[in-house]
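To start, the structure under review is shown below, and the notes come after it.
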Amino acid sequence: MPLSQRQQRPSFSHDESTSSSTAIQPRGNRSTSHLPENPPECSVGDLFRSRDAPSFFGSSYFGPQAAAKVVEAPAPDFSSGLSRKALAGSTHSFRDEGGPFSQIWDLLGLLPRKKSTVDRLAECFLRELNWAIDAVHAASFRDKYETFWSRKFGFDDFATIDLRWLALLFIVLAYGVLLDCPKESNNRNDNNHKEVQLELQETSLRFYWAARRAIVIAPTFYGESPDLVRAGVLVTRYLIYSRRVPESWLTTSFAMRMAQAQGMHIDGERWRLPRQKTETRRRLWSHLYTLDKTIALAIGRPFAIVDQQCLVKQASNVWLDDMNEDEAATAPEQPLTDPTLSLCSKLSHELAVVVGKIQERCFGLFTVSYDTVLTLDREITEWEKRLPPYFRLDDPDLSKDGPLPFLVWHRLYIHSMYHFARVTLHRPYLLRQSITNRYRHSHDVCIASACADLAMRLQYFSQPLAERLRWALGPHHLFNSALVLGIIVVRDPHSRRSQAILEDLAAYCEMQRNDIWVNEFALAEVKIVELCIRKARQVHRPLINASSATRATPTVAAPTPVVQPAVRRPVPIDSMSRNHPIEDVLQTSHHTGGTSQGAFYPMPNGPMMWDDPSYSFPEADDIISWEHVLNSIMQDKILGV
């Protein structure tokens with residue numbers, strides 16, 4: 135019997151299940167009595183059931199018309215041309231390495247032997263992390279989890295294993311292994327904790343690679359599903375946490391294609407889907423949209439989602455996942471004074487739209503005017519002004535953090551994404567010259583936002599891993615404020631603010647190196663920051679020696695004092711992004727008239743790479759390119775002295 139005919143178990147969860155509506159049935163099977171009175175404004179194709187998954191086939195002639203015939207046609211019967219011996223062999227083909235079920239057999243072998251171990255890891259993820267990042271619907275995940283473990287064991291049951299959900303389970307276990315670790319001291323010199331950390335990371339990576347493998351294989355057996363999209367989003371976040379950003383650009387594009395294959399780029403109202411499912415799809419699409427736009431801008435690669443080809447509304451401030459279909463249909467949208475878990479998706483989506491405009495207009499193939507940069511900066515600041523009081527950048531309202539603990543993390547996501555957008559927009563003008571001091575606004579924005587972001591990162595190295603995972607899984611983690619500040623101090627090593635920045639950069643590097651969870655990608659960035667610190671001190675040291683040599687009295691010049699890393703005590707979460715020492719220094723330099731002391735403007739004979747809007751920083755592991763960039767900045771500074 136063909137595989138598609140043996141699948142009888144539905145693969146939809148509570149929030150992803152398809153109702154009895156005719157929205158996903160072919161045109162020929164629809165009854166006009168079930169159509170709504172107000173049809174959609176435009177026809178965008180249809181959704182069809184394809185191996186228990188709704189698939190989108192577009193609106194062209196070779197889309198729904200041709201595809202529907204293939205999908206709805208009965209499976210061909212090839213049994214008459216096969217001998218009984220061949221049929222018997224195909225029945226047990228899972229035992230062959232080249233059989234259709236061998237891949238499933240291998241994947242099942244990667245699960246822990248004890249179900250209690252899987253139970254503990256899955257529940258740890260749902261309890262510690264899921265509620266903060268809106269990863270899965272907990273009730274639906276648990277239902278499928280019980281269905282998976284209650285199956286009968288035998289080769290006939292391989293056809294009922296949904297690889298799409300299994301991919302989601304594997305990536306959940308990858309997170310669960312890290313979250314289930316013992317309370318560590320975060321001290322890299324502790325050998326016991328270091329051994330435990332290495333073992334946990336290796337185990338987590340095995341589950342991660344199992345999820346990647348299942349994601350690739352699953353569409354061949356079953357087609358796409360929301361579980362696959364959710365698994366793709368979690369895989370992308372895992373790579374962001376691991377600082378493997380270029381690889382995350384590939385995984386988010388793959389997840390986006392699977393979402394488009396199910397019509398998620400078209401709003402659920404146009405598919406005439408229930409409100410509950412519509413809101414779920416909107417949030418899931420918002421996660422993809424934010425990841426796609428921010429990752430593409432961070433690494434300078436094209437984004438995959440084209441706004442002109444999408445008809446999706448942003449998520450509403452309402453949480454319907456815990457309601458039944460009738461309650462969800464009548465539930466009112468909550469005001470901004472009553473935030474829900476979906477509000478962060480809505481606000482992030484709004485800012486991601488501006489991020490997409492930044493890449494399209496300012497980092498394309500053509501020259502952009504500075505007026506365009508200022509216009510986009512105004513859009514960011516206007517978005518920031520519309521934030522509710524509990525998400526404000528300055529002195530936010532913390533009174534709701536107790537009953538709504540997710541607000542703490544959503545506030546961090548929004549703040550850091552705001553700093554990422556502004557610094558990336560103004561970064562090409564960070565070292566650009568202007569006789570009229572035209573680019574002063576870009577200089578101040580880069581310094582202020584980079585300092586605020588670095589302050590948030592410094593405060594989280596002493597936190598338990600569960601809190602750090604909540605912080606480091608979003609696109610906001612792409613922004614490396616330490617590298618931007620390192621460029622600033624190399625170009626401007628003599629000002630008072632640079633001394634304060636150097637102290638914080640030294641503390642950042644020390645904390646990273648002493649962290650038992652740091653990986654080779656993070657250490658590569660630390661090496662670049664340390665290189666910036668050395669270059670800045672090299673520029674500072676000759677000037678001190680030269681000034682001491684011109685003194686009238688033959689005194690011996692004192693050696694240049696070495697700034698020790700500033701060890702800061704952990705700051706409470708509520709005071710995040712406020713009361714940072716660097717900001718006090720910036721207040722004095724931002725309000726001085728004309729050119730500030732130690733201004734870092736390149737001279738006319740400086741490098742031309744800063745005049746190229748498409749120029750981006752080298753990869754963190756490319757130490758040679760970074761050496762060249764810093765040397766060019768130092769040479770430009772020396773020529774201007």
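Counting in the working numbering, the final residue of the sequence shown is number 775, and the numbers go up one at a time with none missing. Here a beta-carbon is modelled for each residue, glycine too, at the ideal position from N, C-alpha and C. Everything numeric in this text was worked out from a predicted model, so none of it was measured.
Other residues of its chain near residue i: CB distance less than 6 Å, five sequence neighbours each side excluded
i	result
H560	S576, V579, C580
H762	none
G223	Note on G223: pLDDT 45, under 50, position unreliable in the model; the coordinate value appears next. Closer than 6 Å at the Cβ level, and outside the excluded window around G223, lies no residue.
R298	A352, Y356, S359, D361, L362
A463	R409
Collapsed DSSP secondary structure at residue i in the structure displayed
i	result
F190	strand
L499	coil
I581	helix
I439	coil
L541	helix
I400	strand
L445	strand
I650	coil
G434	coil
C315	coil
V452	coil
F613	coil
L216	At L216, the pLDDT of 42 sits below 50, so the modelled position is not reliable; the number obtained from the coordinates is stated separately. Correct three-state label for L216: coil.
K248	coil
Y356	helix
R378	coil
A465	coil
A389	helix
G620	helix
I492	helix
V660	helix
T337	helix
R261	helix
Q394	helix
V350	helix
K534	coil
F595	coil
M645	helix
D460	helix
G243	coil
Q331	helix
Chain-order list of residues whose beta-carbon lies under 7 Å from that of residue i (same chain, five-residue window excluded)
i	result
W265	F540
T474	N451, V452, W453, Q468
L612	I374, V379, T428, I429, A432, F554
E664	C643
A345	A301, F304, I305, A308, A365, V369
T385	G366, V369, T370, L373
L607	I267, R371, I374, Y375
D587	S550, H553, F613, S615
W760	I662, L665, P752
A486	Y423, T424, K427, T428
E518	L527, Y552
K249	W283
Presumed contact (8 Å Cβ cut-off) between residue i and residue j, rounded CB distance
i	j	result
L636	A670	6 Å
C444	I548	Going by Cβ atoms, the distance from C444 to I548 rounds to 23 Å, so no, they are not a contact pair.
S476	R417	6 Å
T414	D455	7 Å
L87	C315	For the chain, the structure presents residues 135 to 775; residue 87 sits outside this window and is missing.
D649	F595	6 Å
I520	T506	Rather than Ile, the amino acid found at residue 520 in this sequence is Arg. About 22 Å; that fails the 8 Å criterion.
F259	G310	4 Å
M457	A449	The Cβ separation is near 15 Å, so there is no contact.
E262	L313	5 Å
L241	A348	6 Å
Spatial neighbours of residue i in its chain, beta-carbon cut-off 8 Å, leaving aside the 5 residues before and after
i	result
Y504	Y563, R572, Y573
Y342	F304, I305, A308, V369, Y372
S776	No answer is possible for residue 776: it lies beyond the span of the chain, which begins at 135 and ends at 775.
L538	P473
H483	S420, Y423, T424, Q448, A449
Distance cut-off 7 Å: residue i Cβ against heavy atoms of the ligand ADP
i	result
F437	The ligand ADP is absent from the structure shown, which contains no ligand whatsoever.
Checklist entry - Just checking, does the stretch 651 to 658 make contact with the stretch 365 to 385 on the three C-beta pairs under 8 Å criterion? => result Yes, they touch.
Checklist entry - Can at least three beta-carbon pairs, one atom from the stretch 332 to 340 and one from the stretch 383 to 397, be found at a separation below 8 Å? => result With the cut-off at 8 Å, the stretch 332 to 340 and the stretch 383 to 397 do not touch.
Checklist entry - Does the count of Cβ pairs from the stretch 525 to 537 and the stretch 482 to 496 closer than 8 Å reach three? => result Touching, no.
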